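Notes for the one structure printed next.
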Amino acid sequence: MNILIMGAKGQLGREMTDCFARGYSALGTPDILKESNVLCLADIDEVDVGDLDALRLFLENQEIDVIFNCAAYTNVDGCETNTETAFRANALGARNLAIVAREKGAKLVHVSTDYVFAGDGDRPYAEWDLPAPISAYGKSKLLGEQYIREQTERYFIVRTSWLYGKYGKNFVKTILRVAKERGACRVVADQRGNPTNAADLAHHLLKLATTEEYGVYHGTGNGECSWFDFAARIVSLAGIDATVSPCTTAEYPTPTKRPAYSALDHLALRATVGDEFRHWEDALAAFFAENGTELD
Ligand SMILES: NC(=O)c1ccc[n+]([C@@H]2O[C@H](COP(=O)([O-])OP(=O)(O)OC[C@H]3O[C@@H](n4cnc5c(N)ncnc54)[C@H](OP(=O)(O)O)[C@@H]3O)[C@@H](O)[C@H]2O)c1
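So the mapping is simple: this note's numbering equals the position in the sequence shown, first residue as 1, plus 1437.
Here's what the structure looks like:
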């Protein structure tokens, strides 16, 4: 089977690449890893997904059966000002990969976000809830989802949230660093969601890819918490002697408004390939057990 991982140098892309290199995921051996796969890895240094002609040229003469799209412009505040970059990577990039997937007869496994929702509810969003993004990042990702639906039938759109892993920048690494350096951190307690271990997400993307169960999925760590709860758990599991105190969004404003409540329910996974996501606290403990707490 011929596999393309786009965004292969990013946090999730590297996690996915590791699974193919090792032959197993954190939670088992999805069927796709039992096959003899030819991997094509690409990131912005190789090709800009926002450029359809360049993408077609890059993949010319390449057979592709499955495309994993881990590429995105993920700087939420940056998306507000660099709207063209956001549109190119998150909307056009998704569209272009869907076009190429259709042309090559490949499946597209695309990663989206909880930020497609407004975050003004009080129960986890189901796949059938209507998106209403409040940020340029969320809008660009939602348009990417819509473009994919228009261009190909063989897609899996998997929305995730609060992603962390051993590669790249993420909240877990930031809290470890700040707690160690300053011995204290203040974290917002009025935004709730689902922390997601990138290894758990990779497992489900791999599992979906060999099925015909096309559609929209939610894939996040199970159980919800606030950023404050998440930070407190990071510090306690890492055994750092630091104080974590709660604050409100109003006390800690960011340039971009974030959804206040964006937990996602996994209705589609439960009804199809199964929901094997660990509870976020277990997945976090496993992350530290595997990678330690000295992360760069
Ligand atoms: N991180 C989170 O908390 C989170 C939450 C919800 C959903 N997601 C979604 O999960 C997916 C993976 O996120 P991640 O955390 O792994 O992101 P990431 O670490 O930022 O990786 C994204 C990769 O895509 C590359 N890229 C950006 N623009 C590109 C373009 N035009 N053409 C080709 N490659 C491009 C980036 O290169 P540069 O680094 O050089 O820009 C980077 O290597 C994304 O779809 C994201 O929207 C992430």
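Ideal Cβ placement from N, Cα and C applies to all residues, glycine included. None of the values given here were measured: they were computed from a predicted structure.
* Whole-Å CB distance - Ala1479 paired with Met1443, under 8 angstroms assumed -> Rounded, the Cβ-Cβ distance is 5 angstroms, consistent with contact.
* **Beta-carbon proximity check, Tyr1513 vs Thr1693, cutoff 9 angstroms** => Correcting the residue identity first, residue 1513 is Val in this sequence and not Tyr. Their beta carbons are under 9 angstroms apart, which means Val1513 touches Thr1693 by this criterion.
* Asked: Taking the continuous alpha helix (DSSP H) assigned at Gly1652, which residues delimit it?
  -> First-last for Gly1652: Gly1652 to His1655, but that is the beta strand (DSSP E), not the alpha helix (DSSP H).
* Cβ shell of His1716 (< 8 angstroms), same chain only, five flanking positions each side left out -> Excluding sequence neighbours, His1716 sits near Gly1658, Asn1659 and Gly1660.
* To do: Give every residue of the same chain whose Cβ lies closer than 8 angstroms to the Cβ of Ala1675, excluding the five residues on either side of it in the sequence, and list them in chain order.
  => Within the same chain, Ala1675 has close Cβ partners Leu1613, Ala1616, Phe1725 and Thr1730.
* Asked: Assuming Leu1441 contacts Pro1561 under a Cβ cut-off of 8 angstroms, what Cβ separation, rounded to an integer in Å, is found between them?
  -> For Leu1441 against Pro1561, the beta-carbon gap comes to about 32 angstroms, at or over 8 angstroms, which does not count as contact.
* Identify whether Lys1617 lies in helix, strand or coil by the three-state DSSP scheme. => DSSP, read as helix, strand or coil, puts Lys1617 in helix.
* Asked: Quick one: what's got a C-beta closer than 8 angstroms to Asn1607's C-beta in the same chain, skipping five residues either side?
  -> Same-chain partners within the cutoff: Gln1448, Leu1600 and Tyr1601.
* Expressed to the nearest angstrom, what Euclidean distance is found between the alpha-carbon atoms of Asp1559 and Arg1629? -> Computed Cα separation, rounded: 10 angstroms.
* Indicate, with yes or no, if ligand 1 has a heavy atom lying under 8 angstroms from the CB of Thr1693. => Not so, every heavy atom of ligand 1 lies at least 8 angstroms from the Cβ.
* Report the three-state DSSP secondary structure of Tyr1604 (helix, strand or coil). => If DSSP states are grouped into helix, strand and coil, Tyr1604 belongs with coil.
* To do: Could you tell me the boundaries of the beta strand (DSSP E) in which Thr1550 lies?
  => Judged by DSSP secondary structure, Thr1550 falls within the beta strand (DSSP E) whose first and last residues are Lys1544 to Thr1550.
* What's the gap between the Cα of Ile1501 and the Cα of Gly1450? -> When rounded, the distance between both Cα atoms is 17 angstroms.
* Compute the Euclidean distance between the alpha carbons of Val1672 and Glu1688, then round it to the nearest angstrom. => Approximately 22 angstroms, taken between the alpha carbons.
* Touching by the beta-carbon criterion (3+ pairs, under 8 angstroms), the segment 1531 to 1548 and the segment 1677 to 1685 -> Result no; under three Cβ-Cβ pairs closer than 8 angstroms.
* Helix or strand or just coil, what does DSSP make of Thr1693? -> Thr1693 falls in the coil class under three-state DSSP.
* Asked: Do His1655 and Glu1713 come within 9 angstroms of each other at the CB atom, strictly closer than that value?
  -> In this structure, Glu1713 sits away from His1655, with a CB-CB distance that is not shorter than 9 angstroms.
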